[in-house]
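Numbering (my numbering), first residue to last: 980 to 1138. Below is one structure, written out as structure tokens, with a few remarks after it.
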């Protein structure tokens, strides 16, 4: 498991959000509410989909699966001038990210994330930063397909 350490320029997103936690994590309804409305977003900069987690400050210092966070399904936009009804805007601030390439059908995603937080982060020169975490579902993403590919972006800063 070797991520790319990459600077991120601020991103503007438009999408749908919902509060959830990891104890009862189920983003299916959020995706189902977003996908029919996706075509209403007129100022997209790419076809990529973003799956974003906005955690409260210190979430990863004292992890508790019952702690609520905001889950977003969104797309990147050039500006916030035309936000469709029933959608919201989110700014992902710039900063450093560890970017992990994930390939698979999602069945082992939980263990992949667990390895990032229980092994890679503690053994790296970094700590998790208090900025949004996200996955980019690009052209090679195919839900449920063992050859599906996505990028996992974890915000970091030096220890």
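Beta carbons: idealized from backbone N, C-alpha and C, even for Gly.
Classification of residue i by the beta-carbon crowding that lies within 10 angstroms, buried from 16 upward
| i | result |
| --- | --- |
| residue 1068 | exposed |
| residue 1031 | buried |
| residue 994 | buried |
| residue 1112 | buried |
Enclosing beta strand (DSSP E) for residue i [first to last residue]
| i | result |
| --- | --- |
| residue 1114 | 1112-1116 |
| residue 1007 | Run containing residue 1007: none in the beta strand (DSSP E); it sits in the alpha helix (DSSP H), 1007-1013. |
| residue 1030 | 1028-1033 |
For residue i, the residue or residues it bridges with in DSSP
| i | result |
| --- | --- |
| residue 1055 | 992 |
| residue 985 | 1076 |
| residue 999 | 1048 |
| residue 1137 | 1105 |
| residue 1081 | 1129 |
Backbone CA spacing between residue i and residue j [nearest angstrom]
| i | j | result |
| --- | --- | --- |
| residue 1029 | residue 1052 | 6 Å |
Run of the alpha helix (DSSP H) containing residue i, from where it starts to where it stops
| i | result |
| --- | --- |
| residue 1068 | From DSSP, residue 1068 is part of no alpha helix (DSSP H) but of the beta strand (DSSP E) over 1067-1071. |
| residue 1089 | 1088-1094 |
6 Å CB neighbourhood of residue i in its chain, flanking five on each side removed
| i | result |
| --- | --- |
| residue 1045 | 1000 and 1002 |
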